[in-house]
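Chemist:
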Amino acid sequence: MDTTSATVSAAPDTRPAAAKRLPLLDVLRGAAILGTLGTNIWLFASAHGEAGPLLGFGITEGGFFGSAFQLLANGKFLSMLTVLFGVGLAIQFRSVEKRGRRWPGRYHWRALFLFAEGTVHFVLLFAWDVLMGYAVTAITVAWLLKRSERAQRAVMWTALGLHLAVVALVTAGSALGGVAPEPNPEVQALYASGTWLEQVQFRLNHALVFRVEPIITFPLLVFLFLLGVRLFRAGAFGADDTGRRIRARLMAWGLGLGLPLNAVALLLPDEVLYLERYVIAPVVMLGYIGLIGYLVEHLRRGPVMASLESLGRTALSGYILQNLLASALCYGWGLGLAAKYGDQAWFAPALWLGIGAFLLAGSWLWLRRFSTGPAEALQKAVLR
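The UniProt record's numbering applies: residue 1 is where the sequence shown begins, and numbers increase by one.
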């Protein structure tokens, strides 16, 4: 997960690194981490754990709160995280070009290390890891950045068309052959009382099935990466009139069109889940970027915004930590709270609030003493 941010000016200066970052990008990354947790927390809190989606259980199983989280979070912040990764790639490409260095150069090593981090994260902690898919997509898009703008646009829109075709096929197949989900006592026992090693073995035994999302959505990842590149180059994240104008359009179209479509999709049969998560959610995500940009510009910078910036600067560490905390709190090898309270409507929202508050406060306190997050520091040390 790339936490690179843009500088206010291309000219070198002696200000501290934090002062040269564009705050909006860091706030967006922090919001994306919390929003992704808002989707994943329902996996940890459910009786079937992270295997729930494979068995047909979704967020809406959580009643009113589940439906609210699905409307507001499901797929939106994962798409935002993907776009922001593309922004980080564009920033690095611009920096390398200005220094006259070869591209992608050492970036392949960075992507390879990210893939290794994602593999460890997948095996030891969380089956729905995104880092592995991001690493493969980053290598592909990094190569594309050396091609012409015309070639990049062609790949971007071709990837979107391919993605829409895949979603249509998957949705049709689900509608024709869908069956009602049924509880699986063995899987429930694994997450309620199984050991950590048993869960690791379960992920390894079902690795291909758990990795199906980044495989099927690879065209979407390519599209969103390149969309992030285009938004950055167009100035969408700048603190000038151009940035404000672009963000206003994103907010109007993304929220005005995306949220009503998303609300309608929630009323339709479960077979439209793929359409809601992988087609409508990215539209809403663009509205969220515009809305957060508006709030950053018009609200006073208080503790909440400062904490979001800190979490955004330590996004990789925050992403890994949130899954570690949720696993330790919910699963049987930890406190086993999901087996005790998972069927209570308040449990998943309360867990999200608690872990989210810990991430915000922890990242702010950490950066008061250190210049970067622990996972980011490890990445830099290894690549150095």
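Heads up, the beta-carbon is just placed ideally off N, CA and C, and yes, glycines get one too.
1) Are there 16 or more other CB atoms within 10 angstroms of the CB of R29, so buried, or fewer, so exposed?
2) Rounded to the nearest angstrom, what separates L80 and G38 at their Cα positions?
3) Under three-state DSSP, which class holds W366?
4) Once DSSP output is grouped into helix, strand and coil, what is the label at F237?
5) Would DSSP call R301 helix, strand or coil?
6) Would you call the segment 73-91 and the segment 273-287 touching, i.e. three or more CB-CB distances under 8 Å?
7) Tell me the rounded alpha-carbon separation between A252 and P349.
8) I'd like to know whether the C-beta atoms of L160 and P219 end up nearer to each other than 9 Å.
9) Can you find at least 3 beta carbon pairs, one from the segment 118-135 and one from the segment 198-214, that sit closer than 8 Å?
10) Can you tell me whether F64 sits near the ligand ADP, meaning its C-beta is under 8 Å from at least one heavy atom of the ligand?
11) May I have the straight-line CA-CA distance separating I246 from R313, to the nearest angstrom?
12) If distances are taken between C-alpha atoms only, which option among A154, D241, G293 comes closest to L227?
13) Could you name the residues of the same chain whose beta carbon sits closer than 6 Å to that of F65, not counting the 5 residues immediately before and after it, in chain order?
14) By the three-class DSSP mapping on this structure, what secondary structure does Q322 have?
15) Are V222 and A90 touching if we call contact CB-CB under 9 Å?
16) Can you say whether I215 is buried or exposed, counting buried as having 16 or more other CB atoms within 10 angstroms of its CB?
17) Nearest CA to the CA of S193: which residue from L365, G342, P23, G336?
18) Considering only their Cβ atoms, is the gap separating D26 from E317 smaller than 9 Å?
19) Does DSSP put D26 in a helix, in a strand, or in coil?
20) Using C-beta distances below 6 Å, list every residue in its chain close to G49, excluding the 5 sequence neighbours before and after it, in chain order.
21) Is D343 helix, strand or coil by DSSP?
22) Please report the straight-line C-alpha distance between N40 and N184, rounded to a whole angstrom.
23) To test your reading of the DSSP string, which unbroken alpha helix (DSSP H) runs of 4 or more residues are found completely within the segment 203-256?
24) Reducing DSSP to helix, strand and coil, say where residue 387 ends up.
25) For the pair the segment 107-114 and the segment 251-265, tell me if three or more CB-CB distances fall below 8 Å.
26) Determine the burial state of E297: buried for a count of at least 16 other Cβ atoms within 10 Å of its Cβ, exposed for fewer.
27) Do T137 and F232 have their beta-carbon atoms positioned less than 9 Å apart in this structure?
28) Using the C-alpha atoms, what's the distance from D241 back to L208?
29) Output the distance between the C-alpha atoms of F210 and A47, rounded to the nearest integer angstrom.
30) For D343, is the classification buried or exposed, using 16 other Cβ atoms within 10 angstroms of its Cβ as the cut-off for buried?
31) Tell me whether S148 sits in a helix, a strand or coil according to DSSP, three-state version.
32) By the 10 Å Cβ neighbour count, where 16 or more other Cβ atoms means buried, how is V167 classified, buried or exposed?
33) Excluding the five sequence neighbours on either side, which residues of its own chain have a C-beta within less than 8 Å of the C-beta of L263, listed in chain order?
Modeler: Looking at the coordinates:
1) buried
2) First, the amino acid is wrong: residue 80 is Met here, not Leu. Spanning the two alpha carbons is a distance of roughly 13 Å.
3) helix
4) coil
5) coil
6) yes
7) 28 Å
8) yes
9) yes
10) Among the components of this structure there are no ligands whatsoever, and the ligand ADP is therefore not found.
11) 24 Å
12) A154
13) A345, P349
14) helix
15) no
16) exposed
17) G336
18) Inspection of the sequence shows that residue 317 is occupied by Ser rather than by Glu. The answer is no: Cβ separation not under 9 Å.
19) helix
20) Y191
21) coil
22) 20 Å
23) 207-210, 212-216, 218-234, 241-253
24) As shown, the chain starts at 1 and ends at 384. That puts residue 387 outside it, with no answer to give.
25) no
26) exposed
27) no
28) 47 Å
29) 17 Å
30) exposed
31) coil
32) buried
33) First, the amino acid is wrong: residue 263 is Ala here, not Leu. The answer, listed in chain order, is L71.
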